[in-house]
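Structure record follows, encoded as structure tokens.
Residue numbers (this note's numbering): 95 to 174.
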């Protein structure tokens with residue numbers, strides 16, 4: 095009982111949708127590169143909208159792969 099209650103409050107820190115096709119993998123790479131640039135220039139508190147804008151993707155496309163900035167940062171740590 096207590097264990098399942100605690101899980102509800104935790105955020106997933108892995109990508110929402112796993113990119114399988116080459117184009118999808120490229121989109122994720124572009125998002126991660128844009129996030130690295132935006133975080134370096136504006137800090138971690140920059141919005142996901144700024145990341146999407148820098149990546150040249152819609153915010154909806156970004157959210158297909160990542161729920162939030164924490165997931166983007168987590169993936170950046172794993173990839174870079």
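Note that the Cβ used here is the ideal one computed from N, Cα and C, for glycine as well.
Residue burial classification, residue i (beta-carbon count within 10 angstroms, cutoff 16)
{"i": "residue 141", "result": "exposed"}
{"i": "residue 148", "result": "buried"}
{"i": "residue 159", "result": "buried"}
{"i": "residue 135", "result": "exposed"}
{"i": "residue 172", "result": "exposed"}
{"i": "residue 114", "result": "exposed"}
{"i": "residue 112", "result": "exposed"}
Candidates the options: closest to residue i by CA position
{"i": "residue 164", "options": "139, 128, 114", "result": "139"}
{"i": "residue 129", "options": "145, 114, 136, 162", "result": "145"}
{"i": "residue 118", "options": "167, 143, 157", "result": "157"}
{"i": "residue 153", "options": "115, 121, 114", "result": "121"}
Spatial distance of residue i from residue j (CA atoms)
{"i": "residue 169", "j": "residue 126", "result": "8 Å"}
{"i": "residue 188", "j": "residue 151", "result": "This structure cannot settle anything about residue 188, because the visible part of the chain is limited to 95 through 174."}
{"i": "residue 47", "j": "residue 116", "result": "No statement about residue 47 is possible, as the shown extent of the chain runs from 95 to 174 and does not include it."}
{"i": "residue 137", "j": "residue 131", "result": "9 Å"}
N-terminal and C-terminal residue of the alpha helix (DSSP H) that residue i is part of
{"i": "residue 154", "result": "153-159"}
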